[in-house]
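Student: Residue numbers (the numbering used here): 7 to 345.
Note that beta-carbon positions come from the ideal geometry of N, C-alpha and C, so glycine has one too.
Every value quoted in this text rests on a predicted model; they were computed, and no experiment measured them.
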Amino acid sequence: MPRLKQAAAALGAAALLSACSPQGVGALDDLTTSTTNDGGLRKPISLNYPLQTRFLSINGQLPVPHIGSSCLASSQRVANSIICFSTTGTTRVLTRSFKYDGGEDGVKAYRASLEDLQLSVAQLIEIEAANNQMENDPDTPRQDLIDSQNAAKALADEVAEKSAELAEKSTDLNIFVFRWTGTRSGNTGGSLGGSFLSGSAAADSTTGGLVIVGGLHVSQLLIGNDFETTIGTQPDAAKVATLTMAADYLLYAADSSLSAALEASLDTDLEALSEKLSPETKVALRAYAAISQAEENQGFFKRPTYTYRDFTTGYQDQDPGQVFYATLTDVETLKKSIK
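1. Short of 6 Å in beta carbon distance, which residues of its chain neighbour I88, apart from the five on each side in sequence? Order them along the chain.
2. Less than 7 Å between C-beta atoms, sequence neighbours within five positions excluded: which residues of the same chain meet that for T287?
3. Tell me the DSSP secondary structure of G109 in three-state form.
4. Helix or strand or just coil, what does DSSP make of K159?
5. Run the CB neighbour count on K105, radius 10 Å, all protein chains shown included, and call it buried at 16 or more, exposed below.
6. Quick one: is G95 near chain C, going by C-beta distance under 8 Å?
7. Which term fits G74, buried or exposed, when burial requires 16 or more other beta carbons within 10 angstroms of its beta carbon?
8. Across the stretch 245–255 and the stretch 137–148, are there enough close Cβ pairs to call them in contact, namely three or more that are closer than 8 Å?
9. If you follow the beta strand (DSSP E) that T101 is in, where does it begin and where does it stop?
10. State the CB to CB distance for the pair G108 and G220, rounded to an integer number of angstroms; the pair is presumed to be in contact (CB under 8 Å).
11. Would you say V337 and Q240 are within 8 Å of each other, going by their C-beta atoms?
12. Taking the beta carbon of R148 as the centre, do at least 16 other beta carbons fall within 10 Å, making it buried, or is it exposed?
13. Please go through the same chain and pick out, in chain order, the residues whose beta-carbon is closer than 8 Å to the beta-carbon of K114, but skip the five residues on each side of it.
14. Assign N193 to buried or exposed, taking buried as 16 or more other Cβ atoms, counted over all protein chains shown, within 10 Å of its Cβ.
15. Taking only the alpha-carbon atoms, compute the straight-line gap between L179 and F330 and give it to the nearest angstrom.
16. Counting only the same chain and skipping the five closest in sequence on each side, list residues whose C-beta sits under 8 Å from that of G126.
17. Quick one: what does DSSP say I73 is sitting in, helix, strand or coil?
18. Which whole-angstrom value describes the C-beta separation of A332 and T236, a residue pair presumed to lie in contact below a C-beta threshold of 8 Å?
19. Should R83 and V224 be called a contact, given that it needs their Cβ atoms to be closer than 8 Å?
20. Report the option in T311, N138, L334, P56 whose CA atom is closest to the CA atom of V1.
21. If you draw a straight line from the alpha carbon of P56 to that of K282, how long is it in whole angstroms?
22. I need the straight-line Cα distance from L100 to G327, nearest angstrom please.
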């Protein structure tokens with residue numbers, strides 16, 4: 007297909023998994039947490055029932071150490087804003103570490119698999135677009151159309167198989183894939199099947215990418231009775247890190263919308279094309295989209311190792327790995343909340 011090279015060039019270094027939901031997430035916890043309040047203020051049924059706030063974090067990142075934990079929490083904020091207290095009376099740091107043995111090669115191989123999968127998707131859409139044009143051209147030899155349709159079916163099966171293999175690989179290696187998405191700068195329309203691939207026709211309309219993590223460490227601050235002599239000594243205007251995510255191996259990249267790149271390289275509208283896709287291609291694109299729809303994490307959270315350290319003696323020690331996410335809490339308002 008002559009246009010395949012054009013599509014590959016348009017994707018370029020951005021040939022990574024593209025967002026599949028119309029609304030992107032700007033922070034790792036935006037998509038993964040839901041909260042509700044009940045009790046206390048609900049009358050008359052719950053008049054004497056204590057106020058409760060319930061949190062659900064789909065990716066397991068709920069910073070509540072154990073049953074009986076006392077925490078500052080709000081149903082108006084995501085779970086990663088929860089601040090809990092130490093049961094020993096001493097301010098401590100709890101770190102949950104998720105085992106990873108894949109090394110540097112593991113995360114690089116995972117990214118290579120993503121690139122290979124997306125290029126296969128681009129090629130599949132190119133063939134489908136060509137088939138659509140051939141069907142509308144009365145001069146197209148019948149056998150040429152049949153051969154091209156068979157090629158699309160074979161590639162669709164390959165995309166579905168690659169998608170399944172990639173999802174299994176992340177589970178086996180304990181690799182986590184987080185997506186970040188920035189603000190769209192323009193939108194001239196055009197998406198492929200809505201639930202399949204999203205993105206406007208302007209190539210610069212979506213700023214986003216992936217963070218591929220091997221060796222995840224989640225650390226949180228547990229506030230003790232020694233607050234005034236530890237955190238309380240910080241300037242009121244400062245913000246102290248109360249939760250961090252760090253990685254032993256972190257591979258990140260910005261990508262552009264796959265739909266935008268394809269829209270620019272094809273002579274057809276992707277939205278119109280999506281209505282004419284073969285059943286096999288629709289199945290393949292759903293399998294591909296399922297990977298990105300699970301964008302809060304592609305890893306399998308095996309039981310982590312829990313490590314506690316005293317805040318006053320370990321304050322100068324760096325958390326394991328490279329910190330790539332943090333919740334910062336205002337010291338002045340934290341003091342007021344504790345009092």
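Tutor: The short version:
1. So the list reads P69, C77, A79, once near-sequence residues are dropped.
2. If we look at T287 and ignore the five residues flanking it on each side, its Cβ neighbours are L130, E134, A158, A162.
3. helix
4. If DSSP states are grouped into helix, strand and coil, K159 belongs with the helices.
5. exposed
6. Looking at the structure shown, chain C is missing, and only one protein chain is on hand.
7. exposed
8. no
9. 98–103
10. 5 Å
11. yes
12. exposed
13. L257
14. Confidence is the limiting factor: at N193 the pLDDT is only 42, short of 50, which leaves the residue's position unreliable, though a coordinate-based value still follows. Exposed is the call here.
15. Taking the straight line from one Cα to the other gives about 20 Å.
16. It is worth fixing the name first, because residue 126 is Ser in this sequence and not Gly. Hits under 8 Å: L161, E164, V165, K168.
17. coil
18. Actually they are not in contact, since the Cβ atoms of A332 and T236 sit about 18 Å apart, beyond 8 Å.
19. no
20. Within the shown structure, residues of the chain are numbered from 7 to 345, placing residue 1 beyond reach of any answer.
21. 56 Å
22. 15 Å
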